[in-house]
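In what follows, a structure is listed as structure tokens, so that the remarks can point back to it.
2 protein chains.
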Amino acid sequence: MIFKQMTIIGVGLIGGSLGLAAKKKKAVKTVVGYGRRRGALHKAVSLNAIDRYFLTLPKAVADADLVVLATPVGTFKKLCQALAPHLKEGTVVTDVGSVKGQLVGELEALMPEKVNFVGGHPIAGREKSGVLAATGTLFQGCQTILTPTAQSKQDVLRQVAALWEAVGAKVSEIDPFDHDRILGMVSHLPHFVAYALMETLSHPQVAKLDPVRYSAGGLRDFTRIAESSPEMWRDIFLYNKTSMLEAIDFYQETIEKIKKEISAENGPGLLELFERAKVIREKAPSK
Amino acid sequence: MIFKQMTIIGVGLIGGSLGLAAKKKKAVKTVVGYGRRRGALHKAVSLNAIDRYFLTLPKAVADADLVVLATPVGTFKKLCQALAPHLKEGTVVTDVGSVKGQLVGELEALMPEKVNFVGGHPIAGREKSGVLAATGTLFQGCQTILTPTAQSKQDVLRQVAALWEAVGAKVSEIDPFDHDRILGMVSHLPHFVAYALMETLSHPQVAKLDPVRYSAGGLRDFTRIAESSPEMWRDIFLYNKTSMLEAIDFYQETIEKIKKEISAENGPGLLELFERAKVIREKAPSK
């Protein structure tokens, strides 16, 4: 047992899956859920993702040894302000958000003395959201990034890492700002790209030809990418603004470069481009 | 039986699947294959995709009632120049290429008198290529576009449509240039977008953070898109240059628009964008 009581703030796909897996692996003794909708929390209990729940934050966190923030990134600051005064000494607070950077320092600063914050990000997800999509194997074989700062304590980091390892994840430690650059490239940029494509196809001048009727597998893969929780992605786009705009700039440069190859009808150049894509394909983890 | 002898030029994924399906549905009596590699053609016979094959073009097409061009688009003109003198009267020539536009008129002009050309494009495909990936159900439920011109004969169009319907496709007739605009948007642009993303991730300044190691499902869907035959895609990019550059311009405008929403931290605007993506998703055929 790594933590006695784990309180999950936001029992959706990620929070619910963590509860399920941590209970199954006996990494925690009790899982408490906090949320705003009683129906969803009730469902979470019946799915065995949590043992019990509270609709009031102070009660939910009062006895927690670990608090996990699993709501959209944009809610973290307010939540931490609200829950901090109710934590007992020695509590560890972590999160599962897709953005780190300066947010980590800001949350750290909101913690009372003798409470430690460790930023975390399990790189797992599905197109579906909500606790009904939760599964005890979601983190099996996935990468989880912890983002320590100068203030982080080694023993606390080790405890949080042990929880993720218990549910099957491979844990790395990365600087919070590097985390945002990396995720900006391999996750946030792809989602941006997919949403931009969908938006292009919605343009009235394009839509009048009803092109989507004649689409096939290629487009379907894109629509799948553009299918996750809108609130979550809004917050990611806003909170990782700097790295995203940097990644988009790179992407725009690449578009101009390939456009030139097409304009110049550079067949060998295009073949080389397709070959380089293979390298990335072979590097991408299969899970 | 719609055609007595069908000769397939290029027995790969699409050509092989057409042979398999047309034989199974008895839409043709005999299927002859033409290609350059004896090994692949031999394999195609053993898979029952063709009945026999020739490595010389004149022999392959001499007795054909229907000739189907199923090689990359860039080879069509040379092939038609080479095979035209060897066709018998009344032969129908069609293709399965992803680009139409002015190429249709050019191929039409290469045909001898009493030979009819009809442009065709089954919107089907898999990431895999080659006859080993061929399947008799590839065209089941897929859209096939025929691209008639002012010179096209109604009875010839009907015959070609009947062949595609026999193998399970839904047939539409679309102007060759509209075809290129439509496919430019829903197929060629998505592939461009995916290759541009892969290329961005290959950039040394990005690659030094080894970001792909931390990628998940989103990126995997992209790598799948960027997995089809390089030669085929080179030819599509080059032959559909005009419509592609037009589609890319639209896409670049959209990128600028979304970038502005991110820069301005326009949360409600981003949520609206994600909502509009849903409309496209619901319109895209499930097969």
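Top line first, the protein sequences correspond to chains L and X. According to the numbering used here, the first sequence is numbered sequentially starting from 2. According to the numbering used here, the second sequence is numbered sequentially starting from 2. For glycine and all other residues, C-beta sits at the position ideal for the given N, C-alpha and C. In this text, all values refer to a predicted model and were calculated from it rather than measured experimentally.
Check: Excluding sequence positions up to five away, which residues of its chain have a Cβ less than 6 angstroms from the Cβ of Val29 of chain L?; Outcome: Phe4, Met7, Ala23
Check: Can you check whether the C-beta of Ile124 of chain X is within less than 9 angstroms of a C-beta belonging to chain L?; Outcome: yes
Check: Using the Cα positions of Glu266 of chain X and Glu174 of chain L, report the straight-line distance between them to the nearest angstrom.; Outcome: 29 angstroms
Check: If we ignore side chains and look at the alpha-carbon of each, how far apart do Ala63 of chain X and Gly36 of chain X end up?; Outcome: 15 angstroms
Check: 9 angstroms is my cut-off, CB to CB: does Asp179 of chain X come that close to chain L?; Outcome: yes
Check: Given that a residue counts as buried once 16 or more other Cβ atoms are within 10 Å of its Cβ, and exposed if not, what is His43 of chain X?; Outcome: exposed
Check: Closer than 6 angstroms by C-beta to Val68 of chain L: which residues in its own chain qualify, once you throw out the five before and the five after it? Chain order, please.; Outcome: Thr8, Val62, Val94
Check: Quick one: is Met245 of chain L buried, meaning 16 or more other Cβ sit within 10 Å of its Cβ, or exposed?; Outcome: buried
Check: Which residue wins for smallest C-alpha separation from Met2 of chain X, given the options X:Lys60, X:Met186, X:Trp165, X:Ile256?; Outcome: X:Trp165
Check: So the candidates are X:Gly11, X:Lys26, X:Glu262, X:Ser18; which of them puts its Cα closest to the Cα of Ala308 of chain X?; Outcome: Shown here, chain X extends from 2 to 288; a query on residue 308 of chain X therefore has no answer.
Check: If you drop the 5 nearest sequence neighbours on each side, which residues of the same chain put their C-beta closer than 6 angstroms to that of Ile146 of chain L?; Outcome: His122, Ser173, Ile175, His180
Check: With distances taken from CA atoms, which of L:Ser99, L:Leu88, L:Phe193 is nearest Asn117 of chain L?; Outcome: L:Leu88
Check: Within 10 angstroms of the Cβ of Glu273 of chain L, are there 16 or more other Cβ atoms? Answer buried if so, exposed if not.; Outcome: exposed
Check: At which residues does the beta strand (DSSP E) containing Val33 of chain L begin and terminate?; Outcome: 29-35
Check: Going by C-alpha distance, which of L:Thr136, L:Glu90, L:Gly185, L:Gly169 is nearest Cys143 of chain L?; Outcome: L:Gly169
Check: Per DSSP, what kind of secondary structure is Glu283 of chain X in: helix, strand or coil?; Outcome: helix
Check: Using the DSSP secondary-structure output, state which residues sit across from Lys154 of chain X in a beta bridge.; Outcome: Lys154 of chain X pairs with nothing; no bridge assigned.
Check: Across the stretch 274-281 of chain X and the stretch 197-210 of chain L, are there enough close Cβ pairs to call them in contact, namely three or more that are closer than 8 angstroms?; Outcome: yes
Check: Can the beta-carbon of His189 of chain L be found less than 9 angstroms from the beta-carbon of Ser99 of chain L?; Outcome: yes
Check: Put Ile226 of chain L into one of helix, strand or coil per three-state DSSP.; Outcome: helix
Check: Could you tell me the boundaries of the beta strand (DSSP E) in which Asp96 of chain X lies?; Outcome: 93-96
Check: Assuming contact is defined by CB atoms lying nearer than 9 angstroms, are Leu14 of chain X and Ala134 of chain X in contact in what I supplied?; Outcome: yes
Check: From which residue to which residue does the alpha helix (DSSP H) around Gln206 of chain X run?; Outcome: 205-208
Check: Give a yes or no on whether 9 angstroms exceeds the smallest Cβ distance from Thr342 of chain X to chain L.; Outcome: Because residue 342 of chain X is not part of the residues shown, which for chain X are 2 to 288, the question remains open.
Check: With 9 angstroms as the threshold, decide whether the Cβ of Thr201 of chain L is near any Cβ in chain X.; Outcome: yes
Check: Residues in its own chain within less than 8 angstroms of Phe223 of chain X by CB, not counting five upstream and five downstream?; Outcome: Ala195, Leu198, Met199
Check: Select from X:Gly20, X:Ile51, X:Ile263, X:Glu283 the residue whose C-alpha is nearest the C-alpha of Ser216 of chain L.; Outcome: X:Glu283
Check: For Gln141 of chain L, name the three-state secondary structure that DSSP assigns.; Outcome: coil
Check: Ends of the alpha helix (DSSP H) at Pro123 of chain L?; Outcome: Counting along the chain, Pro123 of chain L falls outside any alpha helix (DSSP H), though it belongs to the beta strand (DSSP E) covering 117-123.
Check: Could you tell me the boundaries of the alpha helix (DSSP H) in which Ala51 of chain X lies?; Outcome: In the sequence as presented, Ala is not what sits at residue 51 of chain X; that position holds Ile. That residue, Ile51 of chain X, is in no alpha helix (DSSP H); it is neither H nor E in DSSP.
Check: Using the three-state DSSP reduction, which class does Ile249 of chain X fall into: helix, strand or coil?; Outcome: helix
Check: Between Glu266 of chain X and chain L, is any beta-carbon pair separated by less than 9 angstroms?; Outcome: yes
Check: What's the C-alpha gap between Gln155 of chain X and Ala278 of chain L?; Outcome: 44 angstroms
Check: Between Gly169 of chain X and chain L, is any beta-carbon pair separated by less than 9 angstroms?; Outcome: no
Check: Alpha carbon to alpha carbon, how far is Ser153 of chain L from Val161 of chain L? Give it in angstroms, no decimals.; Outcome: 12 angstroms
Check: So with CB distances below 8 angstroms, who are the chain L contacts of Trp234 of chain X?; Outcome: Leu271, Phe275
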